[in-house]
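Participant: Numbered according to the numbering used here, the sequence shown spans residues 118 to 505. Think of the CB as a built atom: it goes at the ideal place given N, C-alpha and C, for glycine as much as any other residue.
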Amino acid sequence: MSLPRMGLPAWMRTILARRRLQNPASALVQDEADPRDAVRSTGSSALPASLAARIERVVAGLRDGTVSRADLDASVSGLAALPPSSVAVAGAAVAALLLPPAGRWSSPGVLRDHRRADLARLGAVSDLDRLFLFHPDGYVREAALRAWEGPARTGFEIAAIAYRLNDWVPPVRSAAQDCAARVFPEAEAGRAVEALLFLLQRMPEWQRWQGLQAEPPDNGGVLGDLMARPDVCARLAEHLRLARTGPTARLLQRAARWPGLDPALPDLARRAFLPSVRACALRFLIEERATWPEGTRREWVDKTYGLARRVRVIGERRLVRTSDLETLIAMGAGDRSGLVRRVAADGLAVHRAALGERMNALVERLADDTSPSVRWRAAFIQKERAAR
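1. Measure the beta-carbon distance from residue 361 to residue 385 and round it to whole angstroms, keeping in mind my assumption that it falls under 8 Å.
2. Decide if residue 461 is buried, meaning its Cβ has at least 16 other Cβ atoms within 10 Å, or exposed.
3. For residue 411, report the span of its alpha helix (DSSP H) as first-last.
4. On a CA-only basis, which of 294, 323, 284 and 354 is nearest residue 413? Give me that one, please.
5. Any idea if residue 271 is buried or exposed, counting beta-carbon neighbours within 10 angstroms, 16 or more meaning buried?
6. Can you look up residue 398 in the DSSP assignment and give me helix, strand or coil?
7. Which term fits residue 416, buried or exposed, when burial requires 16 or more other beta carbons within 10 angstroms of its beta carbon?
8. Considering Cα atoms alone, identify which of 365, 436, 449 and 438 is closest to residue 482.
9. Does the distance from the C-beta atom of residue 297 to that of residue 309 stay below 9 Å?
10. Could you pull the DSSP bridge partners for residue 278 from this structure?
11. With DSSP as the reference, please indicate the residues paired to residue 189 in a beta bridge.
12. May I ask which residues mark the beginning and end of the beta strand (DSSP E) holding residue 512?
13. Check residue 150 in the structure and name its three-state DSSP category.
14. If you check the beta carbons only, do residue 466 and residue 431 fall under 9 Å apart?
15. Enumerate in chain order the residues of its own chain whose CB-to-CB distance from residue 401 is below 7 Å, with the five nearest sequence positions on each side excluded.
16. Please report the straight-line C-alpha distance between residue 469 and residue 286, rounded to a whole angstrom.
17. Do the CB positions of residue 237 and residue 249 come within less than 9 Å of each other?
18. Please state the DSSP three-state secondary structure of residue 443.
19. With burial defined as no fewer than 16 other Cβ atoms inside 10 Å of the residue's Cβ, what is the status of residue 439: buried or exposed?
20. Measure the beta-carbon distance from residue 273 to residue 212 and round it to whole angstroms, keeping in mind my assumption that it falls under 8 Å.
21. Can you give me the Cβ contacts of residue 379 inside the same chain, cut-off strictly under 6 Å, excluding the 5 residues immediately before and after it?
22. Thinking C-beta only, is residue 305 closer than 9 Å to residue 364?
23. Pull up the CB-CB distance for residue 164 and residue 210, whole angstroms please, since I reckon it's below 8 Å.
24. Residue 60 lies in the alpha helix (DSSP H); which residues open and close that run?
25. Comparing C-alpha positions only, which one of 423, 262 and 352 sits nearest to residue 311?
26. Kindly provide the ranges of any alpha helix (DSSP H) runs that are 4 or more residues long and lie completely inside the stretch 344-399, ordered along the chain.
27. Buried or exposed for residue 424, please, with buried defined as at least 16 other CB atoms from any protein chain shown within 10 angstroms of its CB.
28. Confirm, please, whether the CB-CB distance from residue 201 to residue 316 is below 9 Å.
29. Which whole-angstrom value describes the C-beta separation of residue 292 and residue 263, a residue pair presumed to lie in contact below a C-beta threshold of 8 Å?
30. Between the Cα of residue 340 and those of 254, 283 and 172, spot the shortest distance and give me the residue it belongs to.
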């Protein structure tokens, strides 16, 4: 049912019309159309049309006992080939296709029968766990995670298992942790990095990530096990060094909560293509600590009036500097990017007492820098020394 247009200002009508054009699936749902049609209409935003058709044939075959092995294998392979970043929308699309036929949700007994049938199919048909990982029934999702055998073959499968660590059903989260403990150590390093590039960005947004009292205290330890693998850290460091676009410095910050990338920081500060990555790595080394955003917390301004605000929470971990401080600052001061030179100037200002007169020539050079922010920091040091 469409929203009434009477009484809405023009700017609101424009936004609503634009959102309908950008998200045809929501328009179909508002018009009370079949959600399976919405899945197909979204195209690349959810599932490719050919893959959705194959999965629908598999579901129909499961219902009447005539499932095609070729269709099931093609559906599992097609899902596994999707990028890890599509795990949420693809999972929702698969869940919509796995819904029972319309009109069968009215009776709780029918729901139980449908669940028992799918659990029986899960034990009888191999590789069905890859599909039922997105089942709308939490009991079936848990059973699919318990039944998972073999390594995760692609980054999408790694991301799909990790995504269940934030499932709204606690037993599913517990099963996901057990599954990850079995599967992730056998994952190929390149595939693990593909998943980490997505998971490291989404992890702070997962409110159920920390678990409940009856669960392990930190499901993030599952990713910590991946970041403890030297081959995964080497591949991730190579990606951070060679990347030419994207939020790469943010990824470095997220990954810095674990010490796996510490040996690669000097190389990233020197050779990374993106200035933001070089600046981030150099700051970690100069400050001898890694920092990363952990989300926000609520802070009261005035409880009497119920006034509160959201405050950013920054995590911190100490690290051991492997290079000389003067060498790091001199390297940063000679960088071609003003962003990196500003980090070097910050380090020079913070450690000016320890460095003393040894960095006078560097201060003089930074005082004539092309970047105003770098010149300001050098001028601060010069004024302080002149006032002595």
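Facilitator: On the basis of the supplied data:
1. Going by Cβ atoms, the distance from residue 361 to residue 385 rounds to 14 Å, so no, they are not a contact pair.
2. buried
3. Careful: residue 411 lies outside any alpha helix (DSSP H), inside the beta strand (DSSP E) at 406-419.
4. 323
5. buried
6. If DSSP states are grouped into helix, strand and coil, residue 398 belongs with the helices.
7. exposed
8. Nearest of 365, 436, 449 and 438 to residue 482, Cα basis: 449.
9. no
10. According to DSSP, residue 278 bridges with nothing at all.
11. Answer by DSSP bridge pairing: none, since residue 189 is not bridged.
12. As displayed, the chain neither begins before 118 nor continues past 505, which places residue 512 out of reach and without an answer.
13. Residue placement at residue 150 is flagged as unreliable, the pLDDT there being 32, under the threshold of 50; a coordinate-derived value is accordingly withheld.
14. no
15. 373, 382, 407 and 436
16. 54 Å
17. no
18. Secondary structure of residue 443 (DSSP, three-state): helix.
19. With fewer than 16 other CB atoms across the displayed protein chains lying within 10 angstroms of its CB, residue 439 is exposed.
20. Not confirmed; about 16 Å, so no contact.
21. 436
22. no
23. 5 Å
24. Because the chain spans 118 through 505 in this model, residue 60 falls outside it and cannot be assessed.
25. Of the candidates 423, 262 and 352, the one whose C-alpha sits nearest the C-alpha of residue 311 is 352.
26. 347-359, 365-372 and 382-388
27. Exposed, by the Cβ-count rule.
28. yes
29. 5 Å
30. 283
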